[in-house]
Structure formats: structure tokens, C-alpha cells
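Below you'll find the structure, written out as C-alpha cells, and then a few comments.
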Amino acid sequence: MIQTVRNAWKIPELRRKMIFVIFALLIFRLGSAIPVPFINGDALQSQLAAASGTIFGLINVMSGDAFAQATVFALSIQPYINSSIIIQLLTVAIPALERLAKEGGEEGRKKIASITRYTTVAIALLQSFGYYTLIKSYGLITVPDGYGVWAAIVIIASFTAGSAFLMWLGEQITEFGVGNGISIILFAGIVSRVPSMIQTLWYGGRASVLGEDALGNYSAIPIWAIVLIIIGIFALIMLIVFVSDAERRIPVQYAKRVVGRKMYGGQSSHIPMKVNMSGVLPIIFAQSIASIPATIGMFAGWDTDSSGFAGWLMRVFDSTGAIYCVIYFLLILGFSYFYATIQFNPIEVSNNLKKNGGFVPGFRPGKPTADFITKVLNKITMFGAIYLAVVAILPIAVTSALGISKFSIGGTSVIIVVGVALETVKQLEAQMLMRHYKGFLD
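The opening position of the sequence shown corresponds to residue 1392 in the working numbering, with each subsequent residue numbered one higher.
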């Protein structure tokens, strides 16, 4: 990977694109440090410190801690991601959008992109208003005399404008840089949290070696636990790299046919089916739903020490508890099958093969082929779902068993970071091959 980046840097055109991406990410990190007026960011950060198991904790991770600090880019690109998912699901459900996506060509894709942008702004407005209401409920908004409702307008407009600007910045990276701009911004937000994680391990190790019970706000972490965490991170990365490229190939044979004086067909091909075709979305959906009780508890002021039903609910849905992990696991399985069903239609694939004179050896065209593809799809979806569940739950279980409360390695974050890095390197490699550079193929 490092060698590929070095080779790409030697090409003037690719070097300009890489510099553009770096400059765009600097703007992103600068905006993540600019506070929104009238908000006490330090007090808000302390209030949201216990929100790691809630929806706000997930948003904060994706934004690189900008959400907890109430900066201009606090919402990050979450509204755009939500908008893209909603439009993608509606494309399957609404025939007009489906026709626009399949038969509209380039013009249809532009219209869907435009609809996605407008939906992003609408979602950003709703989330900004909700975030403003949350901050106001904590009493962390200081409004000077004479401002009144204008303070609320400034705060909501700042959050919405920041999210819309990041959407535009991501599109610019995609067009003038390297890789998918939205994914790279998400990658930068997650990676920005790495220094704080390293700091936690460093001070925790020092407290353990020096025999101190605590070093500032950092609890002692045994050296063997730190070594185990580092080994686990590398093992997790290797697993993600292996599965991200894994696919099941269904062989396809095309029948020979004579048209005029030429013969067509007769060649062999395959249908590639990725093991993890749904990506990280099942984890995001599952985590969002599983964290709803904890989010409600945060608004209501409940915790695990509360009495009665409130305390029982918080203990059941504690993000480090066994019951939460089981619910999380089942939700990931369900969403993996749901998303795979939306993305891949065996009946449509079978009909396309039949129209083009193709068939799967050993199966008749039509329903038998569709049934076989469905059977294969269910098998690889189960494997991919279990993989996602293990990646998501294993870090929670390990850090909980080691008693490390301030340090957690999210499986979602690792999958996103590794996936974006691999995809960006592949695009660099493809562009170098077009210019007769070898890169990985040395």
C-alpha cells in the first residue's frame, strides 16, 4: 500500500489529485474545530461523555468527536448517508424511481443525485433542530439580550450549512481527487480519534507499570492487556481484508448461436457474489436500533443504578452486557438478509441469463436457476452476517472483559477505515495501470 502511494506520488496528475484530497481533509478537520456560537462546548462534551452506548455515541464516532463539541461539522455526513440509504430503499419500493434508476441512463442518475441532495438538506434541518433541542434541554445555550429566536436560527443554520458543505466537499473529492469523497471524509473523522485511543493506552500502561491506581483520568491497564489489544487489532484488520475480497463465483455458460454468417456465444463466464455485499450498513442499522433504549434512558435521566423498571431496562440494554450483545447479534443477522435481498434479485439475474442465452451448468434456465442462486445467496449471506456480528461484538466483549471503560475499538469503525483504504488504493492502482505503472504488480 505504501509503495503504491509512493508510485502514485511520482505521477504529476495523481499527485495533484492527492494534494487536493489532503487540502480538502484539512478543511474538514478545521471545520470540526470551529465552535457554533452561543453553545458551551466543554460542558456539552462532559454531558455526552456517558453517551457511548446511545445513538449520539455512534454519531460522535462518525464525526470524529465534532458532535460532542458542537462544532460547525457536528452532524458530519450522517444526513447524506441517511438520505442515500432512504433513496436507495425507495428506489426498490417506488416503481417510478426504479425506472429512473434503471432506464434513465446518465440523466436518471443525475435526477436521483439531485433528489438525494435535497433530502440531505431536509434531514440535516431535522437533525439540527433535534440537536439544538437536546443542547437547550441541558441548559448549555447562552443567549445574549436582544437575540431571542435569532440564536436558535443561527445554531440550526450553522449545523445544517456544515452538513451541506461536507456533502459538496465530498462530491468535489470524488470528481477532482482520488476515491469516494464521502467515504474519505468518514474515514478521516474516524481516524482522527486514533490519537486519543493511543493516549489512553499509553497513560493506562504507565499507571500499571508505576503501580498507580490512576493517572489523571486514566485507569491502569495491564501491559498484557495492551499487547492483547494490539494483536487483536491486527488480527481484525487481516480478517476484514480477507473477507472484503472474498466472493462466490457461479459458473455461467453461454450457448452458441449463429446470426447471419457469424457465430456468437459459446464462452464461459461467472456471476460474482461478494460474501459481504451489504458492507457495514447492517451494523449501523443494528446499532442504531439496539441503542434506542439507552438513548431514551439518557433523556429520562435513567442509569443502571435506577430502581424499578428503569434500572432493569438500562441493565438489559447496557452496551457492555451479554443480553445487549445477543440482541445486537440477531439484529445484524436480520439486517444482513434484508439488505442482501434488496441488493441482489435472483429472479432478475436468472431472467437476464435466459434472455442472453446463458445458463448455469446443471440447472435449467428459469425457476431452477433462480432457486439455485437463492440457495447460494442465503449461504454466503449467513457467512457474511456472522462475520459482521463477530467483528462488531468481539471488541465490545474483549474490552468489557478487560475492564477498559474509556477505550473501545468499534468494529464498525475498523470495517469502514479498512474498506475505504483498500478501495482508495485500488483506484490508485487502476489509474497507474492506465499510465503503464505496475504498483502492486511489481
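By construction, the Cβ of each residue, glycine as well, lies at the ideal position given by its N, Cα and C atoms.
8 angstroms Cβ cutoff met for residue i and residue j
| i | j | result |
| --- | --- | --- |
| Val-1540 | Val-1412 | no |
| Leu-1449 | Ser-1682 | yes |
| Gly-1432 | Gly-1553 | no |
| Tyr-1523 | Ala-1548 | no |
| Ile-1787 | Thr-1686 | no |
| Ser-1679 | Gly-1810 | no |
| Ile-1614 | Ser-1599 | yes |
| Phe-1414 | Ile-1532 | no |
| Val-1452 | Ile-1628 | no |
| Lys-1408 | Phe-1625 | no |
| Val-1512 | Val-1463 | no |
| Ile-1723 | Leu-1577 | no |
| Leu-1466 | Gln-1518 | yes |
| Pro-1470 | Ile-1514 | yes |
| Gln-1658 | Leu-1405 | no |
| Ile-1564 | Val-1671 | no |
| Gly-1802 | Val-1782 | yes |
| Ile-1612 | Gly-1596 | yes |
| Ser-1587 | Arg-1420 | no |
Distance between residue j and residue i (C-alpha atoms, nearest Å)
| i | j | result |
| --- | --- | --- |
| Ala-1780 | Leu-1721 | 8 angstroms |
| Ile-1402 | Leu-1416 | 21 angstroms |
| Asp-1833 | Leu-1824 | Summary for Asp-1833: the model assigns pLDDT 49, below 50, so the residue's position carries little reliability, and this model does not support an answer. |
| Tyr-1730 | Ser-1669 | 6 angstroms |
| Ala-1550 | Phe-1735 | As written in the sequence, residue 1550 is Phe, which differs from the Ala given in the question. Each residue's Cα considered, the two are about 36 angstroms apart. |
| Val-1396 | Gly-1580 | 21 angstroms |
| Ala-1484 | Tyr-1509 | 19 angstroms |
| Glu-1562 | Arg-1755 | 45 angstroms |
| Ala-1440 | Pro-1684 | 17 angstroms |
| His-1661 | Val-1751 | 9 angstroms |
| Ile-1476 | Ala-1761 | 27 angstroms |
| Ile-1621 | Leu-1435 | 31 angstroms |
| Arg-1490 | Asn-1473 | 22 angstroms |
| Ala-1691 | Leu-1480 | 33 angstroms |
| Asn-1742 | Gly-1725 | 27 angstroms |
| Gly-1749 | Pro-1642 | 10 angstroms |
| Leu-1819 | Pro-1759 | 41 angstroms |
| Ala-1605 | Tyr-1719 | Because the pLDDT of Ala-1605 is 48, which lies under 50, any placement of that residue in the model is unreliable, and the number read from its coordinates should be weighed accordingly. Going by the C-alpha atoms only, they are around 32 angstroms apart. |
| Gln-1644 | Ser-1574 | 37 angstroms |
| Leu-1516 | Ala-1555 | 10 angstroms |
| Gln-1460 | Pro-1673 | 28 angstroms |
| Val-1717 | Val-1789 | 15 angstroms |
| Leu-1619 | Ile-1631 | 18 angstroms |
| Leu-1813 | Asp-1696 | 44 angstroms |
| Phe-1774 | Ile-1675 | 18 angstroms |
| Ile-1418 | Thr-1507 | 23 angstroms |
| Ile-1764 | Ala-1646 | 19 angstroms |
| Ser-1528 | Gly-1702 | 22 angstroms |
| Met-1705 | Gly-1688 | 7 angstroms |
| Asn-1747 | Val-1740 | 11 angstroms |
| Asn-1571 | Ile-1617 | 34 angstroms |
| Trp-1400 | Val-1707 | 52 angstroms |
| Ser-1784 | Leu-1488 | At residue 1784 the sequence reads Ile, which differs from the Ser that was named. The straight-line gap from Cα to Cα measures roughly 36 angstroms. |
| Gly-1753 | Arg-1640 | 15 angstroms |
Residue i burial status per 10 Å Cβ neighbour count (16 or more: buried)
| i | result |
| --- | --- |
| Asn-1667 | buried |
| Trp-1559 | exposed |
| Pro-1737 | buried |
| Phe-1700 | exposed |
| Trp-1693 | buried |
| Pro-1332 | Because the chain here runs from 1392 to 1833, residue 1332 falls outside it and cannot be looked at. |
| Val-1585 | exposed |
| Ala-1713 | exposed |
| Phe-1633 | exposed |
| Ser-1727 | buried |
| Ala-1792 | exposed |
ask   = Do the region 1759–1768 and the region 1727–1747 meet, that is, are 3 or more Cβ pairs less than 8 angstroms apart?
value = yes
request  = Tell me the start and end of each unbroken alpha helix (DSSP H) in the region 1423–1452 that is at least 4 residues and wholly inside, in chain order.
outcome  = 1432–1438
ask   = If you pair each beta-carbon of the region 1452–1463 with each one of the region 1494–1506, do three or more pairs fall below 8 angstroms?
value = no
Start-end ranges of the alpha helix (DSSP H) lying completely within the region 1504–1540, minimum 4 residues = none
ask   = Unbroken beta strand (DSSP E) runs of length 3 or more, entirely within the region 1647–1711: which are they?
value = 1648–1650, 1653–1655 and 1659–1665
query = Whole beta strand (DSSP E) runs in the region 1733–1775 with 3 or more residues, listed along the chain?
reply = none
query = What runs of the alpha helix (DSSP H), each 4 residues or longer, lie entirely inside the region 1538–1586?
reply = 1540–1567 and 1572–1582
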